[in-house]
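Chemist: To start, I am sharing the structure in question, which I have written as structure tokens.
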Amino acid sequence: MTPLTQDELKTLVGQAALQYVVPGEIVGVGTGSTVNKFIDALAGMKDQIKGAVSSSVASTERLKALGIAVFDANDVESLSVYIDGADEIDGRGHMVKGGGAALTREKIVAALATRFVCIADESKLVQALGQFPLPVEVIPMAANHIARRFAAMGGEASLRLKDGQPLVTDNGQHILDVKGLSIADPLAFESQINQWPGVVTVGVFAHQKASVCLLGTAQGVKTLDYSR
Ligand code: 5RP
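For the sequence shown, this note's numbering assigns the number 1338 to the initial residue and increments by one for each residue that follows.
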């Protein structure tokens, strides 16, 4: 049998995530190619949910195009579940996110939710965070200062570009991608970087870690439960 492609694994976990959607409620929706599979699957049960809170303009557009109502995060007190992908996830549910530049809104929607369901193909599971260049959303005037602070701790930060220009996030800010970091203690690291002036959001999700990961593997979808 031919092994499933990465795209097929993403479809599998996107569909598997439907089991966590609570009928009658609003669901938190992340951003990225894996989440797009989830959104497509969610369209099949759109009449059973109230709608979604979205973490990016891209996801909002996809949700609306499929006829799913999108609520402003300010109009929602809490969510039972937030479903999103990751660039890396470790054995404790800590993640690196932001490859799609949506990390700030992702962290906000995740903070509203009781449960974070991460959907990912098995290439995202790592022993320790730090191989994927760490996305950090920054206020543009602070970018070089923050890059120097990362250099002092052994990291190499580069400004993310789009079409040769600095990428501008949904929040009007820039992204630094930082290579070469060692993130031994994700909770402490996230707290530390969040203190730096000009940092909007660091792409380590340890305070808002995953409760569960649905991991797409050659053997099917594995459920990693981090809540215990
Ligand atoms: C976007 C994210 C995504 O969840 C992450 O980049 C994974 O994306 P994909 O599912 O396309 O691999 O954090 O900011």
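Glycine residues also receive a C-beta, built at the ideal position from the N, C-alpha and C atoms.
In terms of alpha-carbon separation, which member of 1404, 1513, 1532, 1554 lies closest to residue 1386?
Modeler: Closest option to residue 1386, Cα to Cα, is 1404.
Chemist: Considering only residues of the region 1468-1545, which uninterrupted beta strand (DSSP E) runs meet the minimum length of 3 residues and lie entirely inside it, listed in chain order?
Modeler: Runs of the beta strand (DSSP E) inside the region 1468-1545: 1471-1475, 1493-1496, 1511-1516, 1536-1539.
Chemist: Quick test of the definition: if touching needs 3 or more C-beta pairs under 8 Å, does the region 1447-1463 touch the region 1362-1377?
Modeler: Verdict: yes, contact present.
Chemist: Whole angstroms is fine: what's the gap from residue 1519's alpha carbon to residue 1361's?
Modeler: Spanning the two alpha carbons is a distance of roughly 43 Å.
Chemist: Cα separation between residue 1382 and residue 1493?
Modeler: About 44 Å.
Chemist: Return helix, strand or coil for residue 1387, following the three-state DSSP convention.
Modeler: Reduced to three states, the DSSP call for residue 1387 is coil.
Chemist: I'd like the list of long-range same chain contacts for residue 1479, defined as Cβ closer than 7 Å, with 5 residues on each side in sequence excluded.
Modeler: Answer for residue 1479: 1534, 1535, listed in chain order.
Chemist: Over the uninterrupted beta strand (DSSP E) stretch that includes residue 1454, give me the two end residues.
Modeler: Looking at the DSSP string, the run of the beta strand (DSSP E) that includes residue 1454 is 1450-1458.
Chemist: Any chance the CB of residue 1538 is under 7 Å from a heavy atom of the ligand 5RP?
Modeler: No, since every heavy atom of the ligand 5RP falls outside the 7 Å radius drawn around the Cβ of residue 1538.
Chemist: So what's residue 1338 in DSSP terms, helix, strand or just coil?
Modeler: It is coil, neither helix nor strand.
Chemist: If you compare alpha carbons, which of 1344, 1432, 1391 is closest to residue 1527?
Modeler: Nearest of 1344, 1432, 1391 to residue 1527, Cα basis: 1432.
Chemist: With DSSP run on the structure shown, which of helix, strand or coil describes residue 1434?
Modeler: If DSSP states are grouped into helix, strand and coil, residue 1434 belongs with coil.
Chemist: Tell me which residues share the same chain as residue 1343 and place their Cβ nearer than 6 Å to its Cβ, disregarding the 5 neighbours each side in the sequence.
Modeler: Excluding positions up to five away in sequence, the list reads 1458.
Chemist: Taking Cβ to Cβ, would you say residue 1472 is nearer than 8 Å to residue 1514?
Modeler: Cβ distance < 8 Å, so residue 1472 and residue 1514 count as in contact.
Chemist: If residue 1423 sits next to residue 1461, beta carbons under 8 Å apart, how far is it from one beta carbon to the other, in whole angstroms?
Modeler: Confirmed, about 5 Å.
Chemist: Shorter than 7 Å, the distance from the beta carbon of residue 1423 to the closest heavy atom of the ligand 5RP, or not?
Modeler: It does: the Cβ of residue 1423 is within 7 Å (strictly closer) of some heavy atom of the ligand 5RP.
Chemist: Would residue 1306 pass as a contact of residue 1466 if the rule is Cβ separation under 8 Å?
Modeler: Because residue 1306 is not part of the residues shown, which for the chain are 1338 to 1565, the question remains open.
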